[in-house]
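**Student:** According to mature numbering (1 follows the signal peptide of the UniProt record, and there is no 0), the stretch in the sequence shown is residues -19 to -1, 1 to 268, in order. C-beta atoms are modelled at their ideal positions from N, C-alpha and C, and glycine is treated no differently. Dropping a structure here in structure tokens format, bear with me for questions.
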Amino acid sequence: MVKKLLTVTIVCFYCLLNAQVGINTTNPQGIFHIDGGKDNPKTGVPSIVQQSNDFIVNASTGIGQGTISVGVGTTNPTERLDLANGNLRIRDINSTIGTGSDKLLVADNNGVIKLAGGEGFSVNDSGNRILDAKSGATLSADNDWNDNEFTTLKLNEQYDAMNSYDPSTGEFTIPKDGLYFMYGVCGFITPQSGSGVFDGTSGDAFTAIVVDGGRVSTAHNVIFRGAKNPGTNANLFFLVANSTLWLKAGQKITLQFLTYGTSNMVGSLSDLKIDKSSSRFVINKIL
């Protein structure tokens, strides 16, 4: 008698472990299935519309074994967590600042979340930073550039992880296809005490990020003749340009500048200079 009871108990326990639980449905499609709309058929697989209000837990080979998958809006989850026709929201997300070891997530064409290609994101000279160029000899308008003509700003390498920047030409060659962030600063200076008489006469200064000869981002400032700034050693005019683009391997990137009406900016062209210690060219590879 004891053997029979033990056998029945084992069979019942095995059946319980392999049972499917359905809430609002007599036709559960997984080990735990909630039919939120109470609209699923008594037999067969629910339609896409009927599945849209369902929640399901599936196990590939039964409770306690294999892989558990959760589906929201679908009765056939293909990932650990599968959300159909909806967005994912995280409330009150942790505000802790990330580090260089953080990973960037993207979604593929099927909506599957995965790690992005490329390097890990970092705000320092590592990870996604592939170029940092700055400093060099000061340029002067009387010798180093022409009026109304874009000129490439050549800066010294500080960090060139891909060995893709040529400081002799100021040209960066894209090493491989990807999404790039480009940031350029050009620092124009005039004497602290001014140059010439301040009477409203001025010229225009431009800085541009250039891809294969075409400008993709341009910054502009007006420089007035005779302008003074007693609080500093010189009048410094920052022009900042930036752009984020998907670029192909082999494309050429430069940071360029132009002055128009150059002689109107200063009393003497030798007083208008570009301070390379205040200039910078940075490129980050995001993806």
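With 16 other CB atoms within 10 Å as the buried threshold, where does P9 fall?
**Tutor:** Flag for P9 reads buried.
**Student:** What residues match up with M163 in a beta bridge as DSSP calls it?
**Tutor:** Per DSSP, S224 and I264.
**Student:** Helix, strand or coil: how does DSSP classify S251 here?
**Tutor:** If DSSP states are grouped into helix, strand and coil, S251 belongs with the helices.
**Student:** Can you tell me the Cα-Cα spacing of I264 and T154, whole angstroms?
**Tutor:** When rounded, the distance between both Cα atoms is 11 Å.
**Student:** What residues in its chain sit with their C-beta under 6 Å from that of F262, if we drop five residues either side in the sequence?
**Tutor:** Excluding residues within five positions, the ones whose Cβ falls inside 6 Å are A114, L136, G165 and L236.
**Student:** Since F187 contacts F218 with CB under 8 Å, what's their CB separation in whole angstroms?
**Tutor:** Between F218 and F187 the Cβ distance is about 11 Å, and since that is not below 8 Å, they are no contact.
**Student:** How many Å lie between V247 and E130 at the Cα?
**Tutor:** Taking the straight line from one Cα to the other gives about 18 Å.
**Student:** Considering just the uninterrupted stretch of the beta strand (DSSP E) at V87, what are its terminal residues?
**Tutor:** V87 -> beta strand (DSSP E) spans L86 to A88.
**Student:** Quick check on W227: buried or exposed, where buried means 16 or more other Cβ atoms within 10 Å of its Cβ?
**Tutor:** So W227 ends up on the exposed side.
**Student:** DSSP three-state call for T24: helix, strand or coil?
**Tutor:** Reduced to three states, the DSSP call for T24 is coil.
**Student:** To the nearest whole angstrom, what separates the beta carbons of G168 and Y241, a pair I think is in contact under 8 Å?
**Tutor:** About 18 Å separates the two Cβ atoms, so there is no contact after all.
**Student:** Classify K254: buried if its beta carbon has 16 or more other beta carbons within 10 angstroms, exposed otherwise.
**Tutor:** Classification for K254: buried.
**Student:** Just tell me which of N66, Q31 and N5 has its CA closest to the CA of H14.
**Tutor:** Looking at the Cα atoms, N5 is the closest of the given residues.
**Student:** Between the Cα of N216 and those of F36, A230 and G175, spot the shortest distance and give me the residue it belongs to.
**Tutor:** Nearest C-alpha to N216: G175.
**Student:** What three-state label does DSSP hand S176 in the structure shown?
**Tutor:** Looking at S176 - three-state DSSP - the assignment turns out to be coil, as it is neither helix nor strand.
**Student:** Taking the continuous beta strand (DSSP E) assigned at Q10, which residues delimit it?
**Tutor:** Segment: none, Q10 is in no beta strand (DSSP E) and carries neither H nor E.
**Student:** Give me the Cα-Cα distance between S121 and S251, rounded to the nearest whole angstrom.
**Tutor:** So the two alpha carbons sit approximately 6 Å from each other.
**Student:** I need the DSSP call for N245, collapsed to helix, strand or coil.
**Tutor:** In the structure shown, N245 sits in a helix (DSSP, three-state: H, G or I).
**Student:** Rounded to whole angstroms, what's the CA-CA distance from F179 to G207? Just pull it up for me.
**Tutor:** Taking the straight line from one Cα to the other gives about 4 Å.
**Student:** Are V51 and D35 touching if we call contact CB-CB under 9 Å?
**Tutor:** Result no, Cβ atoms of V51 and D35 do not sit closer than 9 Å.
**Student:** I need the straight-line Cα distance from L85 to L96, nearest angstrom please.
**Tutor:** Going by the C-alpha atoms only, they are around 6 Å apart.
**Student:** Going along the chain, which residues of its own chain have a beta-carbon closer than 8 Å to the beta-carbon of S149, five neighbours each way excluded?
**Tutor:** Excluding residues within five positions, the ones whose Cβ falls inside 8 Å are K135.
**Student:** Give me the Cα-Cα distance between Y140 and T59, rounded to the nearest whole angstrom.
**Tutor:** Cα to Cα, Y140 sits roughly 44 Å from T59.
**Student:** Considering V51, what are the terminal residues of the beta strand (DSSP E) in which it resides?
**Tutor:** Its beta strand (DSSP E) spans residues I49 to V53.
**Student:** With burial defined as no fewer than 16 other Cβ atoms inside 10 Å of the residue's Cβ, what is the status of A118: buried or exposed?
**Tutor:** It counts as exposed.
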